[in-house]
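To start, the structure itself, in structure tokens.
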Amino acid sequence: MRIIVGVTGASGAIYPLRLLKRLAAHPTVETHLILSRAGEKTLYLETGKLAADMKALAKYNWPLEDIAAPIASGSFQSAGMIIAPCSIHTMSAIACGISSNLMIRAADVILKERRRLILMVRETPFHLGHLRTMTSLTEMGAIIAPPIPGFYNNPQTIEDLVDSSVDRVLDLVGIDDASTRRWSGPVRPGGDRDEDA
32 MRIIVGVTGA SGAIYPLRLL KRLAAHPTVE THLILSRAGE KTLYLETGKL
82 AADMKALAKY NWPLEDIAAP IASGSFQSAG MIIAPCSIHT MSAIACGISS
132 NLMIRAADVI LKERRRLILM VRETPFHLGH LRTMTSLTEM GAIIAPPIPG
182 FYNNPQTIED LVDSSVDRVL DLVGIDDAST RRWSGPVRPG GDRDEDA
């Protein structure tokens with residue numbers, strides 16, 4: 032299974048780090064990474080990590096300017112593409128079909144080939160233009176999946192909160208990850224499940 036992962040300069044560099052680590056744990060998954068220069072800067076500012084640290088987690092790395100890369104073609108077979116985090120700039124360019132770099136071109140290919148495109152849009156609050164763009168992308172077949180953590184599994188760490196969103200994205204691309212925390216009903220103080228809830 033091939034998965035393309037795009038990383039923009041939006042805040043939230045921890046999301047692609049966790050996503051790539053989780054994908055790397057699946058030997059049948061082949062990851063293709065596109066890391067923008069803005070993404071590299073945000074990665075360093077937010078985590079202290081270098082581009083090489085992130086690139087080491089992917090099977091293949093493609094420069095943003097490499098419009099001749101295999102992933103720029105509809106003939107390249109993949110299960111889909113995840114852009115995490117996805118900036119408003121990148122989201123808007125995809126919606127308008129402005130294939131000015133490899134990340135936007137690869138996303139455009141995913142849409143035209145009717146494959147799964149998941150955008151972890153990182154912005155808040157949204158204005159009407161953002162919402163209209165998301166509606167347009169949804170009508171084209173993209174999935175808008177902002178990284179919004181769930182609290183029902185009683186997260187204890189930042190990583191738990193991040194993984195809450197990463198779990199959902201892995202489900203969306205059809206990867207059954209054993210470490211995904213799923214809701215199985217409320218637990219009573221004694222530790223038993225409340226079957227009536």
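By the working numbering, the letter at position 78 of the sequence shown is numbered 109, and the numbering carries on one by one without gaps. We treat Cβ as the ideally placed atom computed from N, Cα and C, and that holds for glycine. Only a predicted model underlies this, so the values are computations on that prediction, with no experimental measurement involved.
Alpha-carbon spacing of residue 135 relative to residue 217, whole angstroms: 42 Å
Please report the Cβ distance between residue 147 and residue 111, rounded to the nearest whole angstrom; I am assuming they are in contact, meaning their Cβ atoms lie under 8 Å. 3 Å
Report, in whole angstroms, the separation of the C-beta atoms of residue 196 and residue 75, which I expect to be a contact under 8 Å. Contact flag wrong, Cβ pair sits at about 22 Å.
Do residue 68 and residue 95 have their C-beta atoms within less than 9 Å of each other? yes
Tell me which residues share the same chain as residue 54 and place their Cβ nearer than 7 Å to its Cβ, disregarding the 5 neighbours each side in the sequence. 34, 60 and 62
Quick check on residue 228: does DSSP put it in helix, strand or coil? Annotation note: pLDDT 47 at residue 228 (below 50); position unreliable, coordinate value reported separately. Reduced to three states, the DSSP call for residue 228 is coil.
For residue 185, is the classification buried or exposed, using 16 other Cβ atoms within 10 angstroms of its Cβ as the cut-off for buried? exposed
For residue 93, write down the residues that DSSP places opposite it in a beta bridge. 65
Looking at the structure shown, is residue 177 part of a helix, part of a strand, or coil, going by DSSP? coil
Taking the Cβ atom as the reference point for each residue, do residue 165 and residue 115 lie within a distance shorter than 9 Å? no
Tell me whether residue 73 is buried or exposed, calling it buried when 16 or more other Cβ atoms sit within 10 Å of its Cβ. buried
Alpha carbon to alpha carbon, what distance is there between residue 66 and residue 143? 22 Å
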